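Below is one structure, written out as C-alpha cells; the observations come after it.
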Amino acid sequence: MSTKTPTKPTSQFQNDSERMSLDLRHRTLVQTAMSKYEAVRRGTQGRFQDWQAARQAASETKWEALNHLDQYLEEFVRNTEARGTQVFWAATGEEACAYILDLCRRVEAKELIKSKTMTSEEIHLNHALEAAGYCVTESDLGEYIVQLREEPPYHLVFPAMHLTRGEISDTFTQKLGTPASDSPEELTMIARDVMRAKYLSANVGISGANFAVADTGMISITENEGNARLTTSVPRIHIALLGIEKVLPKLADLALFLPMLATAGTGQALTCYNSLIGGPKQPGEVDGPEEFHVILLDNGRTELLADPEQREALHCIRCGACLNVCPVFRNIGGHSYGSTYQGPIGSVITPHLQGLQEWKHLSAASTLCGACTETCPVGIDLHHHLLRNRRNAAKAQPDRLEQIAYQGFAFVMTRPKLYRQLTRIAPFLQRLHQLINGRRIDPLFGWTQSRNFPEVQPRTFKDYWASRQEMKP
Amino acid sequence: MSANEQISSGREQILGRIRRALQVPAPKRTPHEPAPAADRYAKSLPVIRPEARAWLPPVGEAWAEQMQLFTEQCADLRADFFLCADVAEMEERLAVLAKDCGWQQIATHPGAMTTGAAASLSLPILLIEDGYEIVALEHCDAALTECDALVAQTGSVLITSRSAGGRTLSALAPHHVVLARREQLVPDLTAAFALLTERYRANYPSLMSLVTGPSRTGDIERILVLGAHGPKRLTIFCV
Ligand code: SF4
C-alpha cells in the first residue's frame, strides 16, 4: 500500500467509490437494470448453437486483424479512398480535434450533430468544438441527457443508466422548459422533437464506428435509435472518428460480430440498425453527404500494440458486457472511475492510454473474480491483464515499504525455526498491536481502519497436529 | 509543411509505429479448442463464413421454416409483417393501413413494386429523386420502400441506398413500409452478406443497412420505448 500523498485520480477514485458504494438508491437502480440485462442476455445467448466456438472465432479474427494491423488498415484506406472518402491519420487526440476544427471552418459549419462515440469522449472533442464557438448536440438519447447535465457518460453503452425518469424529467424541464413527465415514452418524444429540427439544420454530422471493414472499405455503425443513420446521412459533411484497432478483415466477418456485439451488449439478437457506410453520396444516388471524412486515431493505441502480452486488450469491441457483470462497477458506478472507459476494460487500458502510475489504482480495485473474462465476447483475459498492470506498475516504480515488508516475509518464511518462534509469540505481539490498532500511527492503518484481524490462536496448528497424532492408538 | 505532406506524414508515422510494435508477435490464446486455430481462419478466407452457421442461432433449411422464423422474429421485434397472396391483397392491406393511420402524404422512390403500390393509394406522393427537398420529406407520414432481402435468422430487412430510395427516406419517416418478394427471403446474415457482395461487388452503394424492427431505445431506466429517432413503426409486406 502506498504511503505517498495520492495523485489526483487516485484520491478522486477513492472518494467517489466510497461515496457511491454507500449510496443505496444508486445501487438499487444499477442492480435492477443489470439483472434485467442478465436475464435477456441469457436467453439470447442460449439460442446460439455454440457460443464458445463463436467466441473463439471472434477472438481469432481480432487476433488476425490486430497482428496484421498495418496491412488491413492500408487495405481499408485504399478501398474507401477509391470511393471518395477522405482519410486522416491522427497520431494524437489534439491532431484529430484540430483536423475537425479546420474542417468546420472550411465548410462554415453552423451547427453540428453527433451520434454516440466514446472515441470522441476520449479526445474531448465536444470541449474543443465548444471552445471554438460551435454548437454541438448529442443525438443519442442517453448521451443527450448527460450532455444537458454536463456529465460524462456513465457507461460505455448505457450513458444515462444512473438516472431515474424523475431526474431526467427535471433535467429536461430545467434545460428545455418542457413540462414534467414520468413516462419514459413522453420523455423520449421530447428528445425526438428536439433532434428532428437539428438533423435538418446541422451541416456537419459526427459519428464513431464499431468496425472498419478492410476488404470493402466501409465503416459499420451499430445503434438502436436511428440517430446515427440520420446523423450520417442528412448533413452535408459526415466525419467518422475511429480508433485504429476497429478494423476487421472481411465484410463476411460481420455475420459473426454483429450478433455477438448485440448479444453481449444489450442482450438483443441484433441491434436495430447495423449500417455500413462506404463513402459520400455515390454517382447515381439520390442523397447522402457530399464529403465523408474518416479519422483514424492512434492516441496511445500503438503503445498498447507494442506490448505483445497485453495486445489483445485492443480486441475489445466496446460491448460493455464486462461492466455489466463486474461487482466493482455495480457498487461504485461508472463515474467513480474518472476515466473515459469504465469497468474492467477501462481499468485495463486506461493506464496504457493515460499513464500507468496515475491510473494503476484502477487495476488494484478488483476482486479478480474473473466474471469479466468469462463474459467477454472476444475472450479477452481481462482479470489477468489487471494483474499484469499491477506487476508492471510495481516493477516500474517499486513501493519501498511494500518491498521491505515482502523481504521480511520471505526472510521469515524461508527459515522454519524462526517462523515457529514467531508463531509462538504472535498472540503477545497481537496484544501489543491492539494498542494502536485502527489508529493513524498503525503501520497497517490502510488495512485495519475498516477491518479487524482475526485473533491469533495460542496453540499453533503444528502443536495441535502433534497432539492429535499422539492420541491415535 | 503543406497540408498534403502533413497528411502523409501522419500516415507514415502511425504505420511505422504499428510495424515496430508488431515486430514482437503476440501469443495466440486458445482457451477452448487449441488445435485448429490457424487454419480455421484460412478456411474462412472466401467471402462467406459458412462455419459461422454452426455456431449462430439455427435456421431451418426449408423456405417455409425460414418464413416461420422470420414471422416470429418480427412479432418479437414489434414489426408488423404480412405475407400476402398477391399484389392485389398487398394493395388492399396497404390501403387499410393508410386509412387507419390517417396518412395525408407519403414518400416513395421509383421501383418495380413501389411505383404501383404508391399510386394505388391515391394520396399525394413525394417521389425521392436526386435533389428532393428534405423538409418536404420530413412532413410525410410514411415512407414506402423496397429492399434487398429479408433475413430469417434475425427478422431483419436488408436495405441499401440503391434499393430503398437513398439513405434518408427509410430513416426519417415516422412509419417505414417495406415491400418485398417471397424470393427475397434469405436464411441468415452469412447469406445476406454474400448477397451484398454478389450484387454490388463492382460498385457498392454508399449505405447498406440491416433494419431490425422499428427504432427503439432503453436509455431511460432500461424501459423499451419504440420510435426514438427513426421510424416508430415498421410494416413489412411480402408477396
Ligand atoms: S473487454 Fe470484452 S466484455 Fe468488455 S467491453 Fe470489450 S469486448 Fe465487451
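So the sequences go chain by chain: E and B.
For what it's worth, this note's numbering labels the leading residue of the first sequence as 529, then goes sequentially.
For what it's worth, this note's numbering labels the leading residue of the second sequence as 96, then goes sequentially.
Where a beta carbon is used, it is the ideal one built from N, C-alpha and C, also for glycine.
Computed from a predicted model, the values in this text were never measured in an experiment.
Of all alpha-carbon atoms in B:A202, B:G206, B:G226 and B:E224, the one lying nearest the alpha-carbon of B:S217 is that of B:A202.
Taking 8 Å as the threshold, the shortest C-beta distance from E:M723 to chain B falls below it. E:A582 has a beta carbon lying within less than 8 Å of a beta carbon in chain B.
Excluding residues up to 5 positions away in sequence, M689 lie with their Cβ nearer than 6 Å to the Cβ of E:A561 in the same chain.
Shown here, E:D970 sits in coil according to DSSP, grouped into three states, outside any helix or strand.
The continuous stretches of alpha helix (DSSP H) do not include E:E679, and DSSP gives it neither H nor E. At least one heavy atom of ligand 1 sits closer than 7 Å to the Cβ of E:C850. Remark: the shortest separation between the CB of E:A756 and any heavy atom of ligand 1 does not fall under 7 Å.
By the neighbour-count criterion, in which 16 or more other beta carbons inside 10 Å mark a residue as buried, B:P282 falls on the buried side. Counting only Cβ-Cβ distances below 8 Å, E:P982 has no contacts in chain B at all, with the closest Cβ about 37 Å away. A Cβ-Cβ distance of about 6 Å is found for the pair B:P152 and E:F576, placing them in contact under the 8 Å criterion. Between the C-alpha atoms of E:C632 and E:Y801 there is a straight-line separation of about 28 Å. Residue E:G871 holds the alpha-carbon nearest to the alpha-carbon of E:L890 among E:T901, E:G871, E:N965 and E:G907.
E:H821 carries a strand assignment under DSSP once its states are collapsed to helix, strand and coil.
Residue pairing by DSSP places E:E639 opposite E:C663 in a beta bridge.
Taking 8 Å as the threshold, the shortest C-beta distance from E:V558 to chain B does not fall below it. Look at E:D927 here: in three-state DSSP terms it is coil, with no helix or strand label. Interface flag for B:M303 against chain E is set, since a Cβ pair is found closer than 8 Å. Remark: the C-beta of E:C800 is outside contact range of ligand 1, defined as less than 7 Å to any heavy atom. Within the same chain, Cβ atoms closer than 6 Å to the Cβ of E:Y865 are found at G874, the five residues on either side in sequence being excluded. Within a 10 Å sphere around the beta-carbon of E:L770 sit 16 or more other beta-carbons, which makes this residue buried. Closer than 8 Å to the CB of E:C850 there is not a single CB belonging to chain B. Listed along chain B are G105, each with a C-beta nearer than 7 Å to that of E:A618. In the structure shown, E:S894 falls within a coil segment according to DSSP collapsed to helix, strand and coil. Counting only residues of its own chain and dropping the five nearest sequence neighbours on each side, E:A892 has a CB closer than 7 Å to the CB of R918. E:M723 is classed as buried because its beta carbon has at least 16 other beta carbons within 10 Å across all chains shown. Straight through space, the alpha carbons of B:L239 and B:E233 are spaced by roughly 14 Å. Just so you know, the alpha carbons of E:A624 and E:I877 end up roughly 20 Å apart. Taking a contact to require three or more Cβ pairs closer than 8 Å, the stretch 731-739 of chain E and the stretch 761-768 of chain E qualify as touching.
Against chain E, the CB of B:A275 has no partner CB under 8 Å away; the residue lies outside that interface. When the five nearest sequence neighbours on each side are left out, the beta carbons in the same chain lying within less than 6 Å of the beta carbon of E:G612 are those of G807 and P808, in order along the chain.
Looking from the CA of E:G898, the closest CA among E:Q885, E:H913, E:W887 and E:Q584 belongs to E:H913. The count of Cβ pairs closer than 8 Å, one atom from the stretch 599-612 of chain E and one from the stretch 851-865 of chain E, stays below three, leaving the stretches out of contact.
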